[in-house]
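Position one of the sequence shown corresponds to residue 1 (full-length UniProt numbering), numbered consecutively onward. Just so you know, even glycine gets a beta-carbon here, dropped at the ideal spot from N, CA and C.
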Amino acid sequence: MVTRFLLAGVQMAPVFGDVAANVASTSAWIRAAADRGARLVVLPEAASAGYVFADRAEAARYAQPVSDGPTVTAWARLAAELDVWIVGGVTERDGDAVFNSAVLLGPTGLLGTFRKAHLWNDEKEIYDRNDDGFPVFDTPLGRIGIGICYDAWFPETFRSAALQGADLVVLPSNWVPVPGQPTGTPAMANLMCMTGAHSNQCYVAGISRIGAERGQPFVGRSVLVGPDGWPIAGPASGDREELVLAEVDLIGTRAHRRHNPFNQPLADRRTDLYVTDGPAVPTAFSSRP
């Protein structure tokens, strides 16, 4: 197993509806990251064809199978040529189903696929939902868990990965402005990534896009976070394509998964006290005293 490696996040702006252009641009970024020495390269959510689909039918037109679609085929070829691992967002077609997915590829080919579990906004009318959980994938770079964008808003995403021994959770994302955010404050998504890393003592890579698509702006601010919860690269800018790079040290992480001599987050859990199920929305207040 590789115990130290360079992790790269690609903050970029995919072109809506142009799969060939996105294959070319993502391939160029993967090469640039490999030239810098990166062994794992993370691309944004929906990097294959863009994000703001009008409806399910339009998404289906641009969707592709992960087994032999043009985007995954190109990325797999690069992974083999450059001896790197790649995680990137793909609009996936599987029979009649359409998923917002992320693929994990290595020098030997496709290692796994994750389908977004928590669908944001009108994604609920466009995509099918992941009902298969949060797998963690064994690789020579350690154990890798995957979430996509809004999945980071749920602490269970990180905890599910950590309980399966994840060293790193990667989050291909298309972060958008959060209503009510005061000027000058950190991006909400950055705080989610930092909290997930700190609470589970694993690396987190939250890699977003920039630009706008059909009137929807994206905030960038890609970030790599260490197991102590503090950024080790980024947050990136809000409006530039760029690489964020940082070293991952698996030996150091696995040897020091403690806050202090007395506290280790996974060991300190009180599962006997937690409420794990309840109403999806707060119960309405009664008008009676």
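Residue range of the beta strand (DSSP E) that includes residue i
i             : result
alanine 246   : 242 to 249
valine 225    : 223 to 225
leucine 171   : 168 to 172
residue 306   : It is not possible to answer for residue 306, since the shown part of the chain is limited to 1 through 289.
proline 182   : Proline 182 -> no beta strand (DSSP E), and no H or E assigned at all.
aspartate 35  : No beta strand (DSSP E) contains aspartate 35, which is instead part of the alpha helix (DSSP H) from 19 to 35.
threonine 108 : That residue, threonine 108, is in no beta strand (DSSP E); it is neither H nor E in DSSP.
proline 231   : 231 to 233
Per DSSP, cross-strand counterpart(s) of residue i
i             : result
valine 90     : Ser101
valine 41     : Ala8, Ile86
threonine 113 : Val103
glycine 95    : DSSP output for glycine 95 lists no bridge partner at all.
Nearest residue (CA-CA) to residue i, options the options
i                 : options                       : result
valine 248        : Asp167, Trp29, Asp151         : Asp167
proline 135       : Leu141, Arg159, Cys149        : Arg159
glutamine 201     : Thr108, Gln181, Asn260        : Asn260
asparagine 22     : Arg56, Leu6, Tyr62            : Tyr62
threonine 108     : Ile126, Asp96, Ile86, Val98   : Ile86
phenylalanine 114 : Thr253, Ala60, Asn100, Leu245 : Asn100
glycine 37        : Gly112, Gly9, Gly220, Phe16   : Gly9
alanine 76        : Gly95, Gly112, Ala46          : Gly112
aspartate 83      : Val90, Ile146, Leu105         : Leu105
glutamate 81      : Val90, Asp35, Lys116, Thr91   : Asp35
valine 42         : Tyr127, Ile146, Asp138        : Ile146
arginine 4        : Val275, His256, Leu250        : Leu250
arginine 258      : Gly229, Pro182, Arg31, Glu242 : Gly229
aspartate 138     : Ala117, Ala47, Ala187, Leu110 : Leu110
First through last residue of the alpha helix (DSSP H) which encompasses residue i
i              : result
isoleucine 210 : From DSSP, isoleucine 210 is part of no alpha helix (DSSP H); its letter is neither H nor E.
glycine 196    : 188 to 200
CB of residue i within 9 Å of CB of residue j, strictly
i                : j              : result
alanine 162      : leucine 273    : no
alanine 189      : serine 208     : yes
valine 103       : isoleucine 144 : no
alanine 152      : glycine 238    : no
phenylalanine 16 : arginine 240   : no
alanine 236      : valine 225     : no
valine 176       : proline 140    : no
isoleucine 148   : alanine 59     : no
Assumed close pair residue i, residue j - CB separation to whole angstroms, cut-off 8 Å
i            : j              : result
glutamine 64 : isoleucine 210 : The pair is not a contact, with the Cβ atoms about 24 Å apart (cut-off 8 Å).
tyrosine 203 : proline 227    : 6 Å
proline 172  : glycine 89     : 4 Å
valine 98    : arginine 129   : That belief does not hold up - the Cβ atoms of valine 98 and arginine 129 are roughly 11 Å apart, past 8 Å.
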